[in-house]
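Undergrad:
2 protein chains.
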Amino acid sequence: MTTMKTGFDKIDTTAAVVSVKHYLLDLQNRICRFIELEDGKAAFLEDKWEHKEGGGGLTRVLTSDNVIEKAGANFSHVRGQQLPHAATARRPELADSAFQALGVSVVIHPKNPYVPTSHFNVRFILVEKEGQAPFWWFGGGFDLTPYYGFIEDCVHWHQTAKAACAPFGDEVYPKFKKWADHYFFLKHRNEPRGIGGLFYDDVNEWGFETTFAFMRSVGDHYIKAYQPIVAKRKTHPYGKQQRDFQLYRRGRYVEFNLLYDRGTLFGLQSGGRTESILMSLPPLVTWNYDWHPQPGSEEAALYETFLPYRDWV
Amino acid sequence: MTTMKTGFDKIDTTAAVVSVKHYLLDLQNRICRFIELEDGKAAFLEDKWEHKEGGGGLTRVLTSDNVIEKAGANFSHVRGQQLPHAATARRPELADSAFQALGVSVVIHPKNPYVPTSHFNVRFILVEKEGQAPFWWFGGGFDLTPYYGFIEDCVHWHQTAKAACAPFGDEVYPKFKKWADHYFFLKHRNEPRGIGGLFYDDVNEWGFETTFAFMRSVGDHYIKAYQPIVAKRKTHPYGKQQRDFQLYRRGRYVEFNLLYDRGTLFGLQSGGRTESILMSLPPLVTWNYDWHPQPGSEEAALYETFLPYRDWV
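Those protein sequences? They're chains A and B, same order as listed.
Counting in our numbering, the first sequence runs from 266 upward without gaps.
Counting in our numbering, the second sequence runs from 266 upward without gaps.
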């Protein structure tokens with residue numbers, strides 16, 4: 266039992282890990298439950314796995330021909346002897362440190378192109394270096410990737426994101442909304458991945474208790490943000506044109522996750538369980554060379570109305 | 266008109282660029298011709314594009330419902346003010362140097378799962394740093410990615426690769442075959458991408474004339490290696506099971522190209538034309554969570570017989 270000190274507080278690392286783990290497992294249950302309810306047909310399959318250096322995870326995947334084509338909700342608690350590059354690029358002093366990483370990652374790929382894809386992740390990283398005080402931080406967020414947008418859904422999504430941040434200060438939502446805009450961006454296409462939401466990383470300056478409370482608020486509000494959108498749009502009629510556009514746009518999701526996503530690269534570099542990490546990839550994807558939407562079309566509206574950065578609340 | 270010196274020879278850089286470009290454009294034509302002949306139906310579309318810092322390229326893409334579902338054959342000659350990370354990781358002294366890169370990249374995704382995917386690339390990089398002698402190197406290779414393997418095709422592929430290397434020394438094929446085995450490897454899956462072939466990079470120790478002759482030999486032998494395999498397998502009967510397996514395995518191709526491929530990352534980092542770089546991605550792809558072939562099946566044979574490293578000649 267060691268204590269951790271960030272310059273802001275001093276706490277019991279064992280108790281911290283137990284509390285975070287307890288919350289994350291419950292959150293995973295709650296997320297899986299609402300997804301199953303919205304789908305109304307399929308159930309999550311569950312895989313328990315062990316990490317070679319310690320710890321492991323609980324991967325849950327649902328595939329359905331009803332509402333949710335593929336959903337992954339992954340809890341993991343891994344231990345490692347060497348913090349991966351993806352986490353030490355901005356903290357070179359932590360290279361070669363033993364670490365624990367606890368998190369829940371969720372990616373939902375609905376079947377109906379009028380239901381947006383959503384992504385959620387929260388994580389807690391604890392680094393323990395011999396002879397030094399433990400070091401920790403929280404990260405996470407959620408973002409929405411529509412194919413065919415609805416203004417009111419985007420407003421609801423961001424209002425809920427703002428509500429998640431409100432108890433922690435008025436500056437929190439604008440800061441993490443902007444961070445999401447910056448993070449969920451495909452540089453090689455000069456294109457945002459979707460309409461964003463929240464992204465944060467390396468947060469420890471509020472002290473452990475408050476930052477952990479913020480993680481819980483983000484987790485709880487993800488469900489409130491996404492569930493009503495799925496419920497409202499899942500019966501929207503669509504045809505081959507909309508499906509084709511969805512499959513094409515899903516290519517951007519793959520590109521983002523494999524080229525940029527910190528969690529994906531962290532997982533693959535730390536010898537994580539590949540199938541659990543890549544459960545985020547869509548079930549069916551197309552790449553069409555140099556495709557562009559017809560000007561004035563519903564597809565063009567995504568690029569013109571929804572992807573450009575906006576203040577949605 | 267400057268001269269280049271590698272410690273091995275001294276040549277005219279302008280003449281070198283002209284010669285390499287002439288060969289590459291002719292090679293691109295020859296590759297597109299044999300692909301069109303094998304397809305028998307579709308023709309390549311052509312896009313000329315310009316690179317913002319200078320130079321440009323000629324992208325050719327064919328999509329067909331006959332034999333070749335998607336083929337990309339890209340010539341590019343780009344100039345830049347700053348050599349990208351992907352090329353300077355092992356040459357930090359070249360950071361911030363002006364460069365030219367000339368190359369041809371080809372990826373062929375056939376429709377029939379019994380026809381393997383193939384990839385070919387050759388490139389010439391020339392770096393000119395103020396006050397220093399120019400520096401250059403060649404790189405390239407080709408590799409084959411079967412879904413359903415045939416021993417005789419793999420032997421033919423590697424025999425042709427060996428023939429490409431033979432005039433340059435007996436040690437060349439084993440060395441570059443091994444390099445391909447090492448390079449075309451998905452670390453996160455602990456799995457080779459296919460049966461390999463040749464890979465080389467940073468080659469300049471033979472001097473310009475010989476290394477350029479080697480590029481030509483690799484280019485010419487790629488056609489001899491691949492064309493007969495397409496011709497022989499394109500009419501092989503297949504059904505949904507084989508098609509599903511092909512779409513699933515294509516996911517590995519996407520993972521490799523976006524996570525590891527030096528050419529892809531070089532291109533994206535150097536502000537290359539994204540659609541030309543990502544023409545390598547398959548037209549239709551699936552990801553199935555934690556899928557495994559039935560033991561003893563034709564699909565399992567890929568993992569058991571073809572992917573493990575072998576001496577094919």
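By construction, the Cβ of each residue, glycine as well, lies at the ideal position given by its N, Cα and C atoms.
If you're wondering where the values come from, they're calculated on a predicted model, not measured in any experiment.
If you count every other CB in all the chains shown that lies within 10 Å of the CB of N455/B, and 16 or more means buried, which is it?
TA: As a working note, residue 455/B is residue 190 in the second sequence. When all chains shown are included, N455/B counts as exposed.
Undergrad: What three-state label does DSSP hand K499/B in the structure shown?
TA: Locating residue 499/B in the second sequence gives position 234, where the first residue counts as 1. Here K499/B sits in coil by DSSP.
Undergrad: Going along the chain, which residues of its own chain have a beta-carbon closer than 6 angstroms to the beta-carbon of T551/A, five neighbours each way excluded?
TA: If you number the first sequence from 1, residue 551/A lands on position 286. If we look at T551/A and ignore the five residues flanking it on each side, its Cβ neighbours are L512 and Y513.
Undergrad: Starting from K313/A, trace the beta strand (DSSP E) both ways and give me its first and last residue.
TA: What you label residue 313/A is simply residue 48 of the first sequence in a count that begins at 1. Counting along the chain, the beta strand (DSSP E) containing K313/A begins and ends at L310 to E315.
Undergrad: Please list the terminal residues of the continuous beta strand (DSSP E) segment that includes A366/A.
TA: Here residue 366/A refers to the residue found at position 101 when the first sequence is read from its first residue. Its beta strand (DSSP E) spans residues A363 to P375.
Undergrad: Using a beta-carbon distance below 8 angstroms, is P548/A in contact with chain B?
TA: One-based indexing of the first sequence puts residue 548/A at position 283. Yes - at least one Cβ of chain B is within 8 angstroms of the one on P548/A.
Undergrad: Taking D217/B as the query, report the chain A residues whose CB atoms sit under 7 angstroms from its CB, ordered along the chain.
TA: Outside the shown range of chain B, which is 266 to 578, sits residue 217/B, and nothing can be said about it.
Undergrad: Does the beta carbon of E318/B sit closer than 8 angstroms to a beta carbon anywhere in chain A?
TA: Your numbering for residue 318/B matches position 53 in the second sequence. Judged by the 8 angstroms Cβ criterion, E318/B is not in contact with chain A.
Undergrad: What are the start and end residues of each continuous alpha helix (DSSP H) run of 4 or more residues lying completely inside the region 337–424 of chain A, in chain order?
TA: Qualifying alpha helix (DSSP H) stretches, in chain order: 350–353.
Undergrad: Per DSSP, P457/B is paired with what?
TA: Residue numbering aside, residue 457/B sits at position 192 when the second sequence is read from its first letter. For P457/B, which the question treats as bridged, DSSP gives the partners F450/B.
Undergrad: Between the alpha carbons of T539/B and F309/B, how many angstroms are there, rounded?
TA: Residue numbering aside, residue 539/B sits at position 274 when the second sequence is read from its first letter. Residue numbering aside, residue 309/B sits at position 44 when the second sequence is read from its first letter. Whole-angstrom Cα-Cα distance: 19 angstroms.
Undergrad: Which residue from Q492/B, N469/B and Y413/B puts its Cα closest to that of G504/B?
TA: As a position in the second sequence, residue 504/B is number 239, starting the count at 1. Nearest C-alpha to G504/B: Y413/B.
Undergrad: Please report the straight-line C-alpha distance between G272/B and L530/A, rounded to a whole angstrom.
TA: Here residue 272/B corresponds to residue number 7 of the second sequence, with the count starting at 1. Here residue 530/A corresponds to residue number 265 of the first sequence, with the count starting at 1. Unreliable placement is indicated for G272/B, whose pLDDT of 49 sits below 50; the coordinate value is still reported in the next sentence. If you take the alpha carbons of G272/B and L530/A, they lie about 40 angstroms apart.
Undergrad: Quick one: Cα of Q559/B to Cα of K313/A, how far?
TA: Looking up residue 559/B in the second sequence gives position 294. Looking up residue 313/A in the first sequence gives position 48. Using only the alpha carbons, I get a separation of about 22 angstroms.
Undergrad: Do three or more CB pairs link the region 486–503 of chain B to the region 488–498 of chain A at distances below 8 angstroms?
TA: In short, these stretches do not touch, since the Cβ pair count stays below three.
Undergrad: Give the secondary structure of K335/A by DSSP, where H, G and I count as helix, E and B as strand, and everything else as coil.
TA: Translated into the one-based positions of the first sequence, residue 335/A becomes position 70. Here K335/A sits in strand by DSSP.
Undergrad: Going by CA-CA distance only, name the one from Y438/B, L409/B, F400/B and E311/B that's closest to V578/B.
TA: For the purposes of this step, residue 578/B is taken as the residue at position 313 of the second sequence. Comparing Cα positions, the closest option is Y438/B.
Undergrad: Classify G207/A: buried if its beta carbon has 16 or more other beta carbons within 10 angstroms, exposed otherwise.
TA: With chain A covering 266 to 578 only, the question about residue 207/A has no answer from this structure.
Undergrad: For chain D, check one thing: does any of its Cβ atoms lie closer than 8 angstroms to the Cβ of V371/B?
TA: This model lacks chain D altogether, as its protein chains are A and B.
Undergrad: Would G404/B and D467/B be called neighbours here (beta carbons separated by less than 8 angstroms)?
TA: Here the question's residue 404/B lines up with position 139 in the second sequence. Here the question's residue 467/B lines up with position 202 in the second sequence. The answer is yes: Cβ separation under 8 angstroms.
Undergrad: Short check: CB of D526/B to CB of G461/B, under 8 angstroms?
TA: On the second sequence, position 261 is the one that residue 526/B refers to. On the second sequence, position 196 is the one that residue 461/B refers to. For D526/B and G461/B, no; Cβs fall outside 8 angstroms.
Undergrad: Just grab the DSSP bridge partners of V468/B for me.
TA: Within the second sequence, numbered from 1, the residue matching residue 468/B stands at position 203. Beta-bridge pairing links V468/B to F403/B.
Undergrad: Could you name the residues of chain A that L567/B contacts, counting a contact when the two beta carbons are closer than 9 angstroms?
TA: Locating residue 567/B in the second sequence gives position 302, counting from the first residue. Within 9 angstroms Cβ-Cβ: nothing; L567/B doesn't reach chain A, min ~18 angstroms.
Undergrad: Are the Cβ atoms of G528/B and S370/B separated by less than 8 angstroms?
TA: As a first step, residue 528/B must be located in the second sequence, where it is residue number 263. As a first step, residue 370/B must be located in the second sequence, where it is residue number 105. Yes, these two residues count as a Cβ contact at 8 angstroms.
Undergrad: Please list, in chain order, all residues of the same chain as L323/B whose beta carbon is under 6 angstroms from its beta carbon, the five residues on each side excluded.
TA: What you label residue 323/B is simply residue 58 of the second sequence in a count that begins at 1. Same-chain partners within the cutoff: K313 and F340.
Undergrad: Which same chain residues end up closer than 8 angstroms to A360/B when comparing Cβ atoms and leaving out the 5 residues on each side of it in sequence?
TA: Sequence index remark: in the second sequence, residue 360/B carries index 95 (1-based). Closer than 8 angstroms at the Cβ level, and outside the excluded window around A360/B, lie Q347, L348 and T353.
Undergrad: When you compare the CB of Q559/B with every CB in chain A, is at least one pair closer than 8 angstroms?
TA: Locating residue 559/B in the second sequence gives position 294, where the first residue counts as 1. Cβ-Cβ to chain A under 8 angstroms: no for Q559/B.
Undergrad: To the nearest angstrom, report how far apart N469/A and M480/A are at their CA atoms.
TA: Counting from one through the first sequence, the residue named residue 469/A turns up at place 204. Counting from one through the first sequence, the residue named residue 480/A turns up at place 215. One C-alpha to the other measures close to 12 angstroms.
Undergrad: Would you tell me roughly how many angstroms separate the C-alpha atoms of P547/B and T328/B, rounded to the nearest one?
TA: Along the second sequence, one-based indexing puts residue 547/B at 282. Along the second sequence, one-based indexing puts residue 328/B at 63. The straight-line gap from Cα to Cα measures roughly 11 angstroms.
Undergrad: Quick one: is Q397/B buried, meaning 16 or more other Cβ sit within 10 Å of its Cβ, or exposed?
TA: By 1-based counting over the second sequence, the position of residue 397/B is 132. Burial call: exposed.
Undergrad: Are the C-beta atoms of H287/B and some chain A residue less than 8 angstroms apart?
TA: Residue 287/B sits at position 22 when you count from the first residue of the second sequence. No - not a single Cβ of chain A is within 8 angstroms of the one on H287/B.
Undergrad: Does the distance from the CB of S545/A to the CB of G320/A come in under 8 angstroms?
TA: Reading the first sequence from its first residue, position 280 is the one you call residue 545/A. Reading the first sequence from its first residue, position 55 is the one you call residue 320/A. For S545/A and G320/A, no; Cβs fall outside 8 angstroms.
Undergrad: Between which two residues does the beta strand (DSSP E) containing R325/A stretch?
TA: As a first step, residue 325/A must be located in the first sequence, where it is residue number 60. Counting along the chain, the beta strand (DSSP E) containing R325/A begins and ends at G320 to T328.
Undergrad: Tell me whether L524/A sits in a helix, a strand or coil according to DSSP, three-state version.
TA: Taking the first sequence and counting its residues from 1, the one referred to as residue 524/A is at position 259. It is helical.
Undergrad: Using a C-beta cutoff of 8 angstroms, does M544/A count as contacting chain B?
TA: Working through the first sequence from its first residue, we reach residue 544/A at position 279. By this cut-off, M544/A is an interface position.
Undergrad: Apart from the five residues just before and just after V420/B, which ones in its own chain have a Cβ nearer than 8 angstroms to its Cβ?
TA: Along the second sequence, read from residue 1 onward, the residue named residue 420/B stands at position 155. Excluding residues within five positions, the ones whose Cβ falls inside 8 angstroms are W577 and V578.
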